[in-house]
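J.:
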Amino acid sequence: MNLNYPIELIPDKKAGGYTVTFPDVPEAITEGDDLDEALLRAADALETALEFYTAAGKALPKASKPKRGQHTVRPCAQACIKLGIYEAMRVQGVRKSELARRLGWHMPQVDRLLDLHHASRLEHAETALHALGRRLDVAVA
Numbered sequence: 002m003n004l005n006y007p008i009e010l011i012p013d014k015k016a017g018g019y020t021v022t023f024p025d026v027p028e029a030i031t032e033g034d035d036l037d038e039a040l041l042r043a044a045d046a047l048e049t050a051l052e053f054y055t056a057a058g059k060a061l062p063k064a065s066k067p068k069r070g071q072h073t074v075r076p077c078a079q080a081c082i083k084l085g086i087y088e089a090m091r092v093q094g095v096r097k098s099e100l101a102r103r104l105g106w107h108m109p110q111v112d113r114l115l116d117l118h119h120a121s122r123l124e125h126a127e128t129a130l131h132a133l134g135r136r137l138d139v140a141v142a
């Protein structure tokens with residue numbers, strides 16, 4: 002699952018800084034006083050926008066291939082894992098109650114696992130992915 006989304010950086014010639022938009026996620030828009038701040042805020046804006054999709058039970062937008070030299074932004078690693086669990090559930094038609102049953106968990110545990118802002122344990126995410134017939138592959142670049 003690719004969650005590296007290309008961004009458009011629009012310089013503000015009058016005030017300085019940048020506006021950041023995501024061609025694949027139109028709900029995500031932010032700005033920063035310089036490039037570093039704009040990129041940092043872009044990750045937060047992306048996570049927030051993707052939460053709208055999960056709350057509505059919608060498919061996550063596909064990340065397009067970036068153009069040469071185009072910046073990309075992705076959610077933090079933990080959010081990527083949680084979004085992977087969400088998308089696997091959505092594709093398979095597995096509801097939270099079914100995942101809780103498969104794992105022998107209570108519903109609040111599944112809710113926390115899918116909450117992008119809750120610090121879940123990695124082994125819980127791996128267990129949930131296994132219950133969905135998926136696995137977690139990690140790469141450091």
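Mapped onto the working numbering, the consecutive letters of the sequence shown carry residue numbers 2 to 142.
Positions of the beta carbon are idealized from the N, C-alpha and C atoms, including for glycine.
Tell me where the beta strand (DSSP E) around GLU88 begins and ends.
T.: First-last for GLU88: 78-93, but that is the alpha helix (DSSP H), not the beta strand (DSSP E).
J.: With three or more C-beta pairs closer than 8 Å as the rule, is the segment 95-103 touching the segment 47-64?
T.: No, because fewer than three Cβ pairs between the segment 47-64 and the segment 95-103 fall closer than 8 Å, the two stretches do not touch.
J.: Quick one: residues in its chain with C-beta nearer than 8 Å to the C-beta of LEU84, no 5 flanking neighbours on either side, listed in chain order?
T.: Closer than 8 Å at the Cβ level, and outside the excluded window around LEU84, lie MET2, LEU4, LEU51, THR55, LEU61, PRO76 and LEU117.
J.: For ILE82 and ALA126, what's the separation of their Cα atoms in angstroms?
T.: Going by the C-alpha atoms only, they are around 7 Å apart.
J.: Using C-beta distances below 6 Å, list every residue in its chain close to ALA101, excluding the 5 sequence neighbours before and after it, in chain order.
T.: For ALA101, where only same-chain residues beyond five positions count, the Cβ hits under 6 Å are MET108 and VAL111.
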